[in-house]
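Worksheet: the structure to be examined is printed underneath.
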Amino acid sequence: MGVLWNNKRDTGLWFAPAEFREARLGIQLLPLAPVSEVLFSDVDYVKDLVEWTLPALNREGVGEGWKGFLYS
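Residues in the sequence shown are numbered consecutively from 1, following UniProt numbering.
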């Protein structure tokens, strides 16, 4: 997940450090709409995303707002 530029790939965020995986995944999920169900219909892919993100959700100081998006 990230930004594909003309000459590079970047996964950094201007508002959060790299270990804030919940923010990085949340951006990919927003806006949460009916089409999200189709876009994320690959169960194995979604399981991989959950396994990648869950450790970050247990980090101290994680914002509850991001948790809500990711748990839905």
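Idealized CB from N, CA, C, for every residue including glycine.
8 Å CB neighbourhood of residue i in its chain, flanking five on each side removed
i: Val-46; result: Phe-40
i: Thr-53; result: Arg-21, Glu-22, Leu-25 and Leu-70
Backbone CA spacing between residue i and residue j [nearest angstrom]
i: Ala-33; j: Asn-7; result: 31 Å
i: Glu-51; j: Asp-44; result: 11 Å
i: Gly-65; j: Pro-55; result: 16 Å
i: Arg-24; j: Asp-10; result: 12 Å
i: Phe-15; j: Ser-36; result: 24 Å
Burial state of residue i (16 or more Cβ within 10 Å)
i: Arg-21; result: buried
TODO: Counting only runs of 4+ residues fully inside the stretch 6-62, write out the alpha helix (DSSP H) ranges in chain order.
DONE: 21-29, 34-39 and 43-57
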